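Residue numbering for the first sequence follows our numbering, beginning at 26 and increasing consecutively.
The structure appears right after this line, and notes come after that.
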Amino acid sequence: MRWLGFDWGENFFHASDYFPQLYEFALDLIRQGKAYVCSLSADEMRDYRGTLKEPGRESPYRDRGVEENLDLFGRMKAGEFPDGAHVLRAKIDMASPNLNMRDPVIYRIRHEEHHRTGDQWVIYPMYDYTHCISDALERITHSICTLEFEDHRPLYDWVLDQLAVPCHPQQIEFARLNINYTVLSKRRLIELVTGGHVSGWDDPRMPTICGLRRRGCTPGSIRNFCDKVGVAKRDSCVDMGLLEYCIREDLENSAPRAMAVLRPLKLVIENYPEDQVEEIEAPCHPNDPALGTRRIPFCRELYIERDDFMEDPPKKFFRLGPGREVRLRYSYIVRCTGVVRDESGEIVELRCVRDPDTRGAAPADGRKVKGIIHWVSARHAVPAEVRLYDRLFLEEDPCADKAIDYKSHLNPDSLEVLTGCLAEPSLAGAAPESRYQFERLGYFCADRRDCQPSKLVFNRTVTLKDTWAKIEKKD
RNA sequence: UGGGGCGUCGCCAAGUGGUAAGGCACCGGAUUUUGAUUCCGGCAUUCCCAGGUUCGAAUCCUGGCGCCCCAGCCA
């Protein structure tokens, strides 16, 4: 949460901070005759609770006297009873149409170690009882929660109305955030983790804060996303595209540019001297000089993206093809003069010639070269592993059909690991969590766990908007 | 009528009696050494439906319809 940009200062509290007061308030409820120890088993209690349409029945223990209740509750606290033997219940109304008001349990016995209070307690208060009192003790004015607690509000208010608390906060419920092509409930996320469907809570495909962080999202992009989504009371599902837009929006301005080739194809410039190397100074950002420049070595043998060459390109494709011209970003215009194939016929190398007068300049004869592609120097590039992430689920709403396990909609291709990638040498010392735009490809983040100087590992946070892919799909 | 909520563009979402904001997506077009960015322009005569009240209704009333939540000693 701090990483996200929030800080409570001295106001970071836990419900367990209030265990002593909560106990005292329970005693108070008992003395007022508004709480009693019930010794029904869980099954019996369910039976007594009634149904959605029929009222419940009162527990046979409902009329225990104050002294007996005090004694029993004290002994519950002292650890005299096993788990489940007794509970403390609020005495409200077993006929209430709101099931939460049918004498809800407020304390139960749990002989379990607590992560903050250790073995100090063997009875623990229930959420409905704890939350409202905690809010009041903290002088909360508005207690925001999700829609499923609307039915609990009468209980929230009831508890506070019975007790001498410093104030009565107002609970207001709002819809939870849903995003398509993923799941956000804790229960499902934990299932993905324990079931080994992802590598952990911070797997870059997880919609958790630590997952988004490792993926490369900035705190600002997440905050901006939340602002754009808004808060309302109706069940909704936000398009993942909006999150992606927010990430791009932030990174567009802040991420330095670099060139990296994910699927390398060798390109040899026949009319470029074997031993020559040019250091090209390139801006780290096209529109913001403040990000500075870096030097990129250029020589006779380069690698370009396999996708940037097509042997038989369609009319609208303006990258490289036999006889075609293309601009090497920040550098020369080259023309493809031939291809070299291996025994199986696969193209393993392109032969090109450069136009020597076009480095950083338009062709003197005024001809237009629309295609611009990225590249790295074969001699200077540094190897890298790049992890390509895609949506976690194939279905927009993986949980739509209750009869089908949402996990069966998991996208088998949500992670693609590319090991033979090549990056420009300025990336050699990339620090973990540093973010870049690999030009024409997308935004990438050095993995905070696995990226090391000796082994670069980048996560693709999000691709660039790809108009070409859209055109291609249409045709 | 068991109770509690919600229905405004493909997705979010303002609007709470004065004549439908905004964002994403989408579709044009301009600029561009990233098919990126940026920039201009388009995109709900209509607010779940049907009646009613009103000079005037997404907003008020009545009746429907649809969707979500609740029977943990979970949160």
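Even glycine gets a Cβ: it sits at the ideal position worked out from N, Cα and C.
No experiment lies behind these values; they were computed from the predicted model shown.
Kindly list the residues whose CB is nearer than 6 angstroms to the CB of residue i, restricted to its own chain and excluding five residues on each side of it in sequence; keep chain order.
i: Q195; result: H167
i: G75; result: G81
i: V254; result: V263
i: I204; result: V263, M265
i: L447; result: V286, P289, Y328, V401, A406
i: Y181; result: C157, Q196
i: C170; result: E198
i: C502; result: Past the boundaries of the shown model lies residue 502; the chain is included only from 26 to 500, so the question cannot be answered.
i: T444; result: E410
i: Y431; result: P423, C424
i: E441; result: L413
i: N94; result: I55, Y61, V62
Leaving out five residues before and five after residue i in sequence, what residues of the same chain have Cβ atoms less than 8 angstroms from its Cβ?
i: I398; result: I329, E330, D333, R344, L345, V351, R352, L353, R354, R465
i: W226; result: L214, V218, T233, C235, G236
i: G467; result: R485, T486, V487, T488, L489
i: G104; result: H136, V147
i: M126; result: I117, D118, P179, L180, W183
i: S451; result: A283, R319, R320, I321
i: P478; result: A453, G454
i: L209; result: R201, L202, N203, P232
i: L267; result: F250, K253, V254
i: E336; result: G346, P347, V364, I372
In terms of residues, what are the limits of the beta strand (DSSP E) holding residue i?
i: T243; result: Careful: T243 lies outside any beta strand (DSSP E) and carries neither H nor E.
i: C377; result: 372-380
i: W15; result: With the chain covering only 26 through 500, there is no way to say anything about residue 15.
i: P179; result: First-last for P179: 178-187, but that is the alpha helix (DSSP H), not the beta strand (DSSP E).
i: A307; result: 303-308
i: V359; result: 358-366
i: T171; result: 167-171
i: L290; result: 289-294
i: F323; result: 318-323
i: I131; result: 130-134
i: L353; result: 350-353
i: I329; result: 326-330
i: E299; result: No beta strand (DSSP E) contains E299, which DSSP labels as neither H nor E.
i: L113; result: 112-115
i: F199; result: 195-199
Thinking residue i and residue j are a contact (beta carbons under 8 angstroms), I'd like their distance in whole angstroms, please.
i: E173; j: M284; result: The Cβ separation is near 49 angstroms, so there is no contact.
i: Y357; j: R320; result: About 16 angstroms; that fails the 8 angstroms criterion.
i: M101; j: I134; result: 6 angstroms
i: P129; j: A115; result: 6 angstroms
i: G470; j: R273; result: Residue 470 is actually Cys in this sequence, not Gly. The Cβ separation is near 13 angstroms, so there is no contact.
i: Y461; j: P322; result: About 18 angstroms; that fails the 8 angstroms criterion.
i: A161; j: A200; result: Going by Cβ atoms, the distance from A161 to A200 rounds to 25 angstroms, so no, they are not a contact pair.
i: A60; j: L124; result: That belief does not hold up - the Cβ atoms of A60 and L124 are roughly 18 angstroms apart, past 8 angstroms.
Please tell me whether, using a cut-off of 7 angstroms, the distance from the CB of residue i to the nearest non-hydrogen atom of the ligand NAD is below it.
i: S64; result: In the structure shown, the ligand NAD is absent, as is every other ligand, since no ligand is present at all.
Could you check where the alpha helix (DSSP H) with residue i kicks off and where it finishes?
i: N278; result: 265-279
i: K499; result: 492-499
i: K211; result: 211-219
i: Y154; result: 152-162
For residue i, I'd like the list of residues in its chain whose CB is within less than 7 angstroms of its CB, leaving aside the five on either flank, ordered along the chain.
i: T155; result: A40, L47
i: N296; result: V378, R379
i: R56; result: V91
i: P244; result: W28, L29, G30
i: E269; result: V487
i: F44; result: T142, W146
i: D415; result: N436, D438, S439
i: F106; result: R100, I134
i: K393; result: none
request  = Give, in chain order, every unbroken run of the beta strand (DSSP E) that is at least 3 residues long and sits entirely within the segment 52-97.
outcome  = Here the runs fully enclosed are 60-63.
task = May I ask you to verify whether the segment 32-39 touches the segment 57-76, counting CB pairs closer than 8 angstroms and requiring at least 3?
result = Under the Cβ criterion (8 angstroms, minimum of three pairs), the segment 32-39 does not count as touching the segment 57-76.
ask   = For the segment 427-445 against the segment 470-478, are there 3 or more C-beta pairs whose distance is under 8 angstroms?
value = Three or more Cβ pairs closer than 8 angstroms define a contact, and the segment 427-445 falls short of that threshold against the segment 470-478.
query = Taking contact to mean at least 3 C-beta pairs separated by less than 8 angstroms, is the segment 300-310 in contact with the segment 410-429?
reply = Two segments are said to touch when three or more pairs of C-beta atoms, one from each, lie closer than 8 angstroms; by this definition the segment 300-310 does not touch the segment 410-429.
ask   = So does the segment 177-192 actually touch the segment 47-58, counting three or more Cβ pairs closer than 8 angstroms?
value = Note that the segment 177-192 touches the segment 47-58; at least 3 beta-carbon pairs, one per stretch, sit closer than 8 angstroms.
request  = Taking only runs that begin and end inside the segment 412-495, name each unbroken beta strand (DSSP E) of 3 or more residues, in chain order.
outcome  = Runs of the beta strand (DSSP E) lying entirely within the segment 412-495 and spanning at least 3 residues, in chain order: 440-448, 460-463, 467-471, 481-488.
query = Does the segment 357-369 come close enough to the segment 408-415 to have 3 or more Cβ pairs within less than 8 angstroms?
reply = Contact between the segment 357-369 and the segment 408-415 is not established, with fewer than three Cβ pairs separated by less than 8 angstroms.
query = Okay, do the segment 135-144 and the segment 112-126 touch, 3+ Cβ pairs below 8 angstroms being the bar?
reply = Judged by Cβ distances under 8 angstroms, the segment 135-144 makes no contact with the segment 112-126, as fewer than three pairs qualify.
request  = Would you be able to state if there are at least three C-beta pairs under 8 angstroms between the segment 387-394 and the segment 305-321?
outcome  = The segment 305-321 makes no contact with the segment 387-394, as fewer than three CB pairs between them are under 8 angstroms.
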